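In terms of full-length UniProt numbering, the sequence shown is residues 1 to 633. Ideal Cβ positions, reconstructed from N, Cα and C, are used throughout, including at glycine. All values reported here derive from a predicted model rather than from experimental measurement.
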Amino acid sequence: MKYQEFYDHSISNPEGFWREQSEKIEWYNKPSTILSKDQNGYPMWFEDGTLNMCYLTLDKHIQDGFGDQVAFIYDSPVTQTIRKYTFNEVKTEVAKLAGGLLALGFKKGDTAIIYMPMIPQTAFAMLACARIGVIHSVVFGGFAPNELAIRIDDCKPRGILTASSGIEIDRLIAYKPLVDEAIEIATHKPKKVVVFNRKLGAKIPFKKYDVDYDALVYGSEETACVAVESNHPLYILYTSGTTGKPKGIIRDTGGYATAMQFSMTYIYDAKPGEIFWAASDMGWAVGHSYIVYGPMINRNTTVIFEGKPIKTPDASTFWRVISEHKVSTMFCAPTAIRAIKKEDPDGEFIKQYDLSSLKKQLLAGERCDAATLEWYQKHIPVPVIDNWWQTESGWPMVANPMGIEPMKIKPGSAAKVVPGYDIQIFNENGEKLGANEEGLVVIKLPLPPGNMIGLWGNLERFNASYFSRFIGYYLAGDGGYIDEDGYIFITGRVDDLINVAGHRLSTAEMEEVVASHHSVAECAVVGIYDELKGQIPVALVVVKSGETIESFQLEYEIVQSIRKKIGAVASLRNVVVVQRLPKTRSGKILRKLIRNIADQEDFQIPSTIDDVTIIDEIRIALAKAKVGQKSTS
Numbered sequence: 001m002k003y004q005e006f007y008d009h010s011i012s013n014p015e016g017f018w019r020e021q022s023e024k025i026e027w028y029n030k031p032s033t034i035l036s037k038d039q040n041g042y043p044m045w046f047e048d049g050t051l052n053m054c055y056l057t058l059d060k061h062i063q064d065g066f067g068d069q070v071a072f073i074y075d076s077p078v079t080q081t082i083r084k085y086t087f088n089e090v091k092t093e094v095a096k097l098a099g100g101l102l103a104l105g106f107k108k109g110d111t112a113i114i115y116m117p118m119i120p121q122t123a124f125a126m127l128a129c130a131r132i133g134v135i136h137s138v139v140f141g142g143f144a145p146n147e148l149a150i151r152i153d154d155c156k157p158r159g160i161l162t163a164s165s166g167i168e169i170d171r172l173i174a175y176k177p178l179v180d181e182a183i184e185i186a187t188h189k190p191k192k193v194v195v196f197n198r199k200l201g202a203k204i205p206f207k208k209y210d211v212d213y214d215a216l217v218y219g220s221e222e223t224a225c226v227a228v229e230s231n232h233p234l235y236i237l238y239t240s241g242t243t244g245k246p247k248g249i250i251r252d253t254g255g256y257a258t259a260m261q262f263s264m265t266y267i268y269d270a271k272p273g274e275i276f277w278a279a280s281d282m283g284w285a286v287g288h289s290y291i292v293y294g295p296m297i298n299r300n301t302t303v304i305f306e307g308k309p310i311k312t313p314d315a316s317t318f319w320r321v322i323s324e325h326k327v328s329t330m331f332c333a334p335t336a337i338r339a340i341k342k343e344d345p346d347g348e349f350i351k352q353y354d355l356s357s358l359k360k361q362l363l364a365g366e367r368c369d370a371a372t373l374e375w376y377q378k379h380i381p382v383p384v385i386d387n388w389w390q391t392e393s394g395w396p397m398v399a400n401p402m403g404i405e406p407m408k409i410k411p412g413s414a415a416k417v418v419p420g421y422d423i424q425i426f427n428e429n430g431e432k433l434g435a436n437e438e439g440l441v442v443i444k445l446p447l448p449p450g451n452m453i454g455l456w457g458n459l460e461r462f463n464a465s466y467f468s469r470f471i472g473y474y475l476a477g478d479g480g481y482i483d484e485d486g487y488i489f490i491t492g493r494v495d496d497l498i499n500v501a502g503h504r505l506s507t508a509e510m511e512e513v514v515a516s517h518h519s520v521a522e523c524a525v526v527g528i529y530d531e532l533k534g535q536i537p538v539a540l541v542v543v544k545s546g547e548t549i550e551s552f553q554l555e556y557e558i559v560q561s562i563r564k565k566i567g568a569v570a571s572l573r574n575v576v577v578v579q580r581l582p583k584t585r586s587g588k589i590l591r592k593l594i595r596n597i598a599d600q601e602d603f604q605i606p607s608t609i610d611d612v613t614i615i616d617e618i619r620i621a622l623a624k625a626k627v628g629q630k631s632t633s
């Protein structure tokens with residue numbers, strides 16, 4: 001199959017193309033209307049079809065004779081636990097939990113918040129909700145009570161499913177007190193809180209609304225799947241918004257199921273029965289799509305990993321998991337690889353494990369720099385496949401389509417546009433730009449199946465955030481360009497493009513140069529205020545373990561590299577060495593936060609920040625380096 005023919009078919013005849021793809025999943029009632037519009041004119045898919053996501057991920061495989069295949073491998077280095085669950089075992093627990101939820105008064109169309117760590121019960125809860133048409137909203141376990149309260153008030157859940165605790169590298173985090181505090185803060189009061197006791201010693205203060213998870217499952221009968229309409233919301237997933245209030249992305253059921261099957265087959269080339277591991281969290285878009293729903297629809301064994309790429313116990317953890325469980329496809333953020341590279345720059349741990357099962361390494365969540373790509377391929381000679389997508393899309397928009405026609409890898413590019421997406425580059429005035437001209441990334445409507453169908457309870461914000469600037473197009477919020485070969489280069493969020501004396505420059509391009517320095521483990525380049533030039537770039541770098549280079553020497557060499565590879569117009573003068581970079585829990589570097597700290601602007605601490613104490617570390621480092629509008633030593 002040729003990529004271009006496949007892609008052209010998806011754009012010239014989207015209804016015919018997606019009708020064919022929808023036939024690869026099992027519907028209770030097959031859709032006759034493939035593409036329609038809702039009452040506000042937004043495109044919708046498979047409107048009159050009915051199905052059930054839990055059926056597709058569990059019951060269907062059991063009916064097909066694969067009930068004894070392992071569905072989940074739970075690998076928790078933080079608790080030193082490994083447990084495997086077959087499709088039969090998962091279905092029994094999920095169906096009983098679903099029955100228990102029905103007994104508690106949950107019904108189709110209700111919402112439920114799932115506030116749990118990386119344990120199998122999180123996936124069980126998601127699937128149990130899907131089984132009875134309850135709309136789940138997974139909130140990353142450990143989020144502050146105020147952030148959880150905001151989500152409670154937004155989606156108004158009938159109940160919350162939680163666990164007694166999560167575990168970080170060095171501490172136990174008791175979840176139940178955080179849930180109780182959130183309910184206290186929230187205006188909306190959930191009726192029930194189902195608590196899974198991990199028996200790790202965490203405090204579980206009892207409230208009248210509490211229900212024990214094990215008792216609920218043990219005392220309930222298995223319940224059957226409930227048929228839902230294609231456009232029935234499967235879940236709400238909150239993502240950060242520019243106003244500080246999170247946006248509740250709504251994902252449909254039929255379009256998403258179709259997209260998951262499509263992506264597992266044509267993008268990732270994952271064969272049923274293979275081991276698929278996405279080292280993400282179920283609270284993020286990657287976790288929903290590629291820990292739970294995508295692999296399970298495709299009958300892959302999926303790994304639920306509770307740990308970190310380093311310090312659980314060391315930088316060998318990923319390789320141990322791949323070797324021990326015979327992982328075929330692995331998926332993580334570039335940040336994870338950089339963290340491993342920093343701890344083990346010569347790849348000594350890699351040599352200790354048999355990684356012959358691994359066919360490909362997938363990367364997403366942020367742009368993969370060339371240095372990280374080269375390091376990985378030097379030590380593990382398998383294809384490293386970058387892909388670009390967003391919470392809003394739910395699955396890749398730019399990728400190397402391994403199941404259609406594998407493409408040459410170009411460092412810095414996630415390859416070409418995925419079939420179904422009509423990606424274009426516009427200037428500020430909405431005019432289409434030519435090859436290698438950098439501008440705003442937009443996607444012509446209709447977006448393909450699997451993309452968001454709205455924001456929970458906020459149509460006005462939905463239109464204003466994504467569709468108001470260029471009518472008929474989705475504004476991705478990222479900058480980028482398409483080269484003469486059709487490869488797409490995403491250069492970062494639009495607010496990561498900086499204007500230096502009238503020149504629009506990409507901080508991502510500068511980061512490529514900085515990251516290529518032999519002493520640099522990872523870096524971030526941001527544009528900060530400058531009275532003369534408007535903005536100037538500053539580089540924050542984390543050096544590799546064991547490096548002894550002096551800060552002034554590192555700064556000199558990086559500045560010279562920038563001048564050589566980008567030009568003096570970049571005006572990079574400052575390179576600040578830091579111990580770590582501020583990141584979200586999913587590994588994205590918080591560049592806007594760094595900029596706000598340097599410019600001494602008021603800012604709201606992102607709810608997704610991994611560790612709030614890093615703010616003071618960055619502030620002190622920038623002040624010592626005399627970087628920033630008002631910084632003093």
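The criterion of a C-beta distance shorter than 8 Å is not satisfied by T162 and Y209. Residue pairing of F196 in beta bridges, as defined by DSSP: A163. Burial is judged here by how many other beta carbons sit within 10 angstroms of a residue's own beta carbon; Q121 has at least 16 and is buried. With a beta-carbon spacing of about 5 Å, L373 and P411 fall inside the 8 Å limit used to define contacts.
Three or more Cβ pairs closer than 8 Å define a contact, and the stretch 541 to 557 falls short of that threshold against the stretch 288 to 300. In its chain, beyond the 5 residues on either side, A364, P396, A399 and A414 have a beta carbon closer than 6 Å to the beta carbon of N387. Boundaries of the alpha helix (DSSP H) around G294: G294 to I297. Per DSSP, the continuous alpha helix (DSSP H) segment holding A98 begins and ends at F87 to A103. Counting only runs of at least 3 residues, the stretch 254 to 309 fully encloses the following beta strand (DSSP E) elements, listed from N- to C-terminal order: 275 to 278 and 301 to 305.
L172 is the residue among L172, V179, V90 and D344 whose C-alpha sits nearest the C-alpha of K199. The beta strand (DSSP E) runs lying completely inside the stretch 357 to 415 and spanning 3 residues or more are 360 to 363 and 384 to 388, given in chain order. Residues F87 and N88 of the same chain have their beta carbon placed closer than 6 Å to that of G67, with the five preceding and five following residues left out of the count.
Note on I443: 16 or more other CB atoms within 10 angstroms of its CB, so buried under the neighbour-count rule. Setting aside the 5 residues that flank it on each side, W456 is surrounded in the same chain by D154, C155, I236, G248 and I250, each with a C-beta closer than 7 Å to its C-beta; the list follows chain order.
Residue burial is scored here from C-beta neighbours: A278 has at least 16 other C-beta atoms within 10 angstroms and is therefore classed as buried. About 7 Å separates the CB atoms of V211 and L104; that is less than 8 Å, so the two are in contact. In this structure I562 is buried. Its beta-carbon is surrounded by 16 or more other beta-carbon atoms within 10 angstroms. Sequence-distant partners of F305 (beyond 5 residues in either direction) whose C-beta falls short of 6 Å from its own C-beta, in its chain, are D75 and A279.
Taking each of S516, S357, Y218 and W375 in turn and checking the Cα distance to T92, the smallest one comes out for Y218. With a cut-off of 8 Å on Cβ pairs, the stretch 435 to 452 is not in contact with the stretch 511 to 530, counting fewer than three such pairs. Going by DSSP, F462 is part of no beta strand (DSSP E) but of the alpha helix (DSSP H) stretching over L459 to Y466. In this model, V494 and G479 are separated by some 5 Å (Cα to Cα). Inclusion of R585 and D281 in the CB contact set at 8 Å is warranted, their separation being smaller than that value.
For I340 against L358, the beta-carbon gap comes to about 14 Å, at or over 8 Å, which does not count as contact.
Under the three-state reduction of DSSP output, F318 falls in the helix class. Inclusion of R619 and V526 in the CB contact set at 8 Å is not warranted, their separation being larger than that value. Looking at the DSSP output, G248 bridges to Y238. For C225, no alpha helix (DSSP H) encloses it, and the DSSP letter there is neither H nor E.
Short of 6 Å from the beta carbon of P157, and not among the five residues preceding or following it, lie these beta carbons of its own chain, in chain order: T111, A112, I113 and P190. With respect to the C-alpha of K378, the residue from S32, P345 and G420 having the closest C-alpha is P345. Beta-bridge pairing by DSSP links R83 to Y74. The continuous stretches of alpha helix (DSSP H) do not include V627, and DSSP gives it neither H nor E. With distances taken between CA atoms, L56 lies nearest to M260 out of G439, I82, D48 and M260. Contact annotation, V575 with V541: C-beta distance approximately 6 Å; criterion of less than 8 Å satisfied.
Of the other Cβ atoms in all chains shown, fewer than 16 fall within 10 Å of the Cβ of L532; this residue is therefore exposed. With a 10 Å radius around the Cβ and a threshold of 16 neighbouring Cβ atoms, G100 comes out buried.
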